Amino acid sequence: MSAAHDAGEPAAGVTVERIGSAEALEALGPEWERLQDATPWKHVLLDHRWMCAWWRAFGAGKQLHVLVLRRGGEVVGIAPMIVSRGWEAFPDRDTRFHLAEDYAHMAGSRWRRCVPIRRVSFPINIACHNERAHFLFPVESEALYAAVFDYWRERRGEWDLMVLEGLPRESAQHAAVAASARERDWRALPQGRTVELFSADIAGTMDDYLASRSRHFRKRQRRAVRANEDHGRIATEEYRGERIGAGLDQLFELERRSWKADPQQGRAVSLTLDDRMRAFLRDVAGAFARSDDAQVLVMTCDGAPFAGVLALGRQTTLLTLVTYMDEARSEQLTTATLWWDFVERALAAGYDRIDFNGNTVAAQKLSNASDVYVRRTVFHDGPYARVLGAAKAGATWISSRRRAGRERRKGGPGDA
Numbered sequence: 002m003s004a005a006h007d008a009g010e011p012a013a014g015v016t017v018e019r020i021g022s023a024e025a026l027e028a029l030g031p032e033w034e035r036l037q038d039a040t041p042w043k044h045v046l047l048d049h050r051w052m053c054a055w056w057r058a059f060g061a062g063k064q065l066h067v068l069v070l071r072r073g074g075e076v077v078g079i080a081p082m083i084v085s086r087g088w089e090a091f092p093d094r095d096t097r098f099h100l101a102e103d104y105a106h107m108a109g110s111r112w113r114r115c116v117p118i119r120r121v122s123f124p125i126n127i128a129c130h131n132e133r134a135h136f137l138f139p140v141e142s143e144a145l146y147a148a149v150f151d152y153w154r155e156r157r158g159e160w161d162l163m164v165l166e167g168l169p170r171e172s173a174q175h176a177a178v179a180a181s182a183r184e185r186d187w188r189a190l191p192q193g194r195t196v197e198l199f200s201a202d203i204a205g206t207m208d209d210y211l212a213s214r215s216r217h218f219r220k221r222q223r224r225a226v227r228a229n230e231d232h233g234r235i236a237t238e239e240y241r242g243e244r245i246g247a248g249l250d251q252l253f254e255l256e257r258r259s260w261k262a263d264p265q266q267g268r269a270v271s272l273t274l275d276d277r278m279r280a281f282l283r284d285v286a287g288a289f290a291r292s293d294d295a296q297v298l299v300m301t302c303d304g305a306p307f308a309g310v311l312a313l314g315r316q317t318t319l320l321t322l323v324t325y326m327d328e329a330r331s332e333q334l335t336t337a338t339l340w341w342d343f344v345e346r347a348l349a350a351g352y353d354r355i356d357f358n359g360n361t362v363a364a365q366k367l368s369n370a371s372d373v374y375v376r377r378t379v380f381h382d383g384p385y386a387r388v389l390g391a392a393k394a395g396a397t398w399i400s401s402r403r404r405a406g407r408e409r410r411k412g413g414p415g416d417a
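Under my numbering, read the sequence shown as residues 2 to 417, first letter to last.
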């Protein structure tokens with residue numbers, strides 16, 4: 002399955018074409034953008050530029066299965082999917098895990114990686130900082146899901162389980178995935194991991210945005226900005242377009258001085274940047290910067306960088322991708338000024354929504370809305386997949402019973 006294109010059989014009037022090479026993926030840009038524009042959920046990190054950069058950085062050892070769905074010759078949907086292989090600690094309860102390579106960033110479970118898994122998923126991994134994904138289906142149609150699942154039924158010998166991460170809970174997609182699996186007598190586990198991600202509706206003016214926040218928020222935000230000014234001359238430098246590389250240099254230097262780069266932190270998930278991750282961020286930022294859809298903001302105190310953020314935009318939505326702060330000065334300074342300037346500049350640039358990539362304290366303070374994203378796990382009807390499905394279902398049942406027992410002992414919801 003290494004060819005650039007593999008045609009699928011018609012399913013309910015829908016044909017499937019596989020895009021399996023970087024060159025074919027690049028050429029798909031205009032159709033991809035047209036579909037994403039028409040899709041209700043317009044995540045910045047489902048942009049065609051993001052997908053191409055992700056594949057260049059993380060595609061080694063994987064198979065690309067971007068499924069282009071056509072009806073009567075017209076492209077009506079795109080399913081951005083991959084197949085990855087690796088040894089996993091299965092059934093692992095760590096909900097932050099996406100692909101086998103993610104164990105390199107995780108403190109636990111590495112020694113238990115003894116189960117070979119061939120996984121179908123969206124192109125998501127810990128290193129890329131993404132939690133949102135879905136099918137590019139402008140119109141919800143059973144025929145589109147049927148075509149995707151028929152494609153994977155014909156290839157049951159090439160994969161063991163399907164994990165679709167980041168489906169919007171308010172969309173019909175996560176239910177449609179489970180229904181399509183069950184129609185083929187496959188095991189579809191109940192809704193798995195859920196992640197709440199925050200956003201800010203900034204349509205209008207800065208006064209409109211502030212009016213959506215509490216008086217307490219406005220008072221504390223202004224106080225924090227003034228407190229920063231007590232420690233020196235505060236400024237925010239913006240890097241865009243051809244200057245994006247210089248901004249990334251500043252950001253990467255801040256990362257080296259942040260708590261995220263401290264090996265003594267003992268964190269469950271380590272996201273210290275390596276050369277590949279830095280190259281990925283440069284690639285994707287450069288791709289967005291060519292159309293002025295990328296920015297780096299760096300907050301300085303007396304000319305010395307203290308904190309910075311890389312943000313990517315698509316149409317009227319701006320997403321914060323990564324943020325770093327000099328840990329050595331964190332007791333004197335806060336990022337309040339950086340975020341205040343970030344919102345003001347987003348408004349001035351014509352954005353009406355900010356998506357925060359991660360459930361951080363700053364995101365919760367600045368947001369006035371949120372969305373929940375869910376995971377669906379599917380096992381086909383092959384012998385090995387059935388064994389994996391039974392093991393995962395059993396582990397989930399045991400975990401739920403233990404949780405119910407703890408709640409009963411605490412006098413919680415499980416206590417009659």
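Quick reminder that beta carbons are idealized off the backbone N, C-alpha and C, glycines included. Predicted, not measured: the structure shown is a model, and the values here were computed from it.
Ordered list of beta strand (DSSP E) runs contained in the region 352-393, each at least 3 residues = 354-357 and 370-380
Uninterrupted alpha helix (DSSP H) stretches inside the region 11-75 (no shorter than 4 residues) | 23-28, 30-39 and 49-59
Local Cβ density within 10 Å of Lys-261, reported as buried at 16 or more and exposed below that | Answer is buried; the Cβ neighbour count reaches 16.
May I ask which residues mark the beginning and end of the alpha helix (DSSP H) holding Thr-338?
-> 337-349
Under three-state DSSP, which class holds Thr-397?
-> helix
What are the boundary residues of the beta strand (DSSP E) that Ala-236 is part of?
-> 235-241
Assign Trp-153 to one of three DSSP states: helix, strand, or coil.
-> helix
By how many angstroms is the C-alpha of Pro-306 removed from the C-alpha of Arg-114?
-> 41 Å
Outcome for Glu-132 when other beta-carbon atoms lying within 10 angstroms are tallied against a minimum of 16 | buried
Status (buried if at least 16 other CB within 10 Å, exposed otherwise) for Trp-33 | buried
Would you give the residue range spanned by the beta strand (DSSP E) that Arg-315 belongs to?
-> 305-315
Closest residue to Ala-329 among Val-77, Ala-394, Asp-38 and Cys-302 (Cα-Cα distance) = Cys-302
Would you kindly work out how many angstroms separate the C-alpha atoms of Glu-239 and Ala-308, rounded to a whole number?
-> Going by the C-alpha atoms only, they are around 12 Å apart.
Quick one: grab the DSSP three-state call for Gly-78.
-> strand
Is there contact here, the region 175-192 with the region 201-210, by at least three beta-carbon pairs under 8 Å?
-> no
Are the Cβ atoms of Glu-141 and Arg-376 separated by less than 7 Å?
-> no
Exposed or buried, Asp-416, counting other C-beta atoms within 10 Å across all chains shown (16 or more means buried)?
-> Residue confidence is low: Asp-416 scores 42 on pLDDT, short of 50, so the model does not pin down where it sits. Its coordinate-derived value is still stated next. Counting Cβ neighbours within 10 Å, Asp-416 comes out exposed, since fewer than 16 surround it.
Helix, strand or coil for Gln-192, going by three-state DSSP, please let me know.
-> coil
Which residue or residues does DSSP assign as beta-bridge partners of Ile-118?
-> Ile-118 is bridged by DSSP to Gly-87.
What distance in whole Å lies between the Cβ atoms of Ile-79 and Leu-36, which are believed to be in contact at a cut-off of 8 Å?
-> Under the criterion of beta carbons closer than 8 Å, Leu-36 and Ile-79 qualify as touching, at roughly 6 Å.
Thinking Thr-324 and Met-300 are a contact (beta carbons under 8 Å), I'd like their distance in whole angstroms, please.
-> That pair is no contact at about 10 Å.
From the DSSP output, which residues share a beta bridge with Ser-200?
-> Asp-356 and Ala-370
Could you check if Glu-18 is buried or exposed, using at least 16 other CB atoms within 10 Å of its CB as the buried criterion?
-> buried
If you drop the 5 nearest sequence neighbours on each side, which residues of the same chain put their C-beta closer than 6 Å to that of Gly-304?
-> none
Provide the residue span of the alpha helix (DSSP H) that contains Leu-137, from first to last.
-> That residue, Leu-137, is in no alpha helix (DSSP H); it is neither H nor E in DSSP.
Rounded C-alpha distance that separates Arg-387 from Arg-188 = 8 Å
Could you spell out where the alpha helix (DSSP H) holding Gln-222 opens and where it closes?
-> 216-230
Member of Asp-353, Ser-181 and Val-45 whose CA lies at the smallest distance from the CA of Ala-134 | Val-45
Touching by the beta-carbon criterion (3+ pairs, under 8 Å), the region 244-259 and the region 350-363 = no
Can you grab the Cα-Cα spacing for the pair Met-326 / Ser-292, in whole Å?
-> 27 Å
Test item: CB-CB of Met-82 and His-66 under 7 Å = yes
Quick one: measure Cβ to Cβ for Ala-286 and Ala-280, integer angstroms, because I've assumed they're closer than 8 Å.
-> That belief does not hold up - the Cβ atoms of Ala-286 and Ala-280 are roughly 11 Å apart, past 8 Å.
Proximal residues to Lys-43 (C-beta, below 8 Å), its chain only, five neighbours per side dropped = Closer than 8 Å at Cβ, skipping near neighbours: Gln-37, Arg-315, Gln-316 and Thr-318.
Residue(s) in a DSSP beta bridge with Gln-296 = Arg-241 and Ala-312
Using a Cβ cut-off of 7 Å (strictly closer), state whether Glu-32 contacts chain C.
-> The structure shown contains no chain C; it holds only a single protein chain.
Take the Cβ of Thr-399 as the centre, count every other Cβ of all protein chains shown within 10 Å, and call the residue buried at 16 or more, exposed below.
-> Reading the sequence as shown, one finds Ile at residue 399 and not Thr. Per the 10 Å Cβ criterion, exposed.
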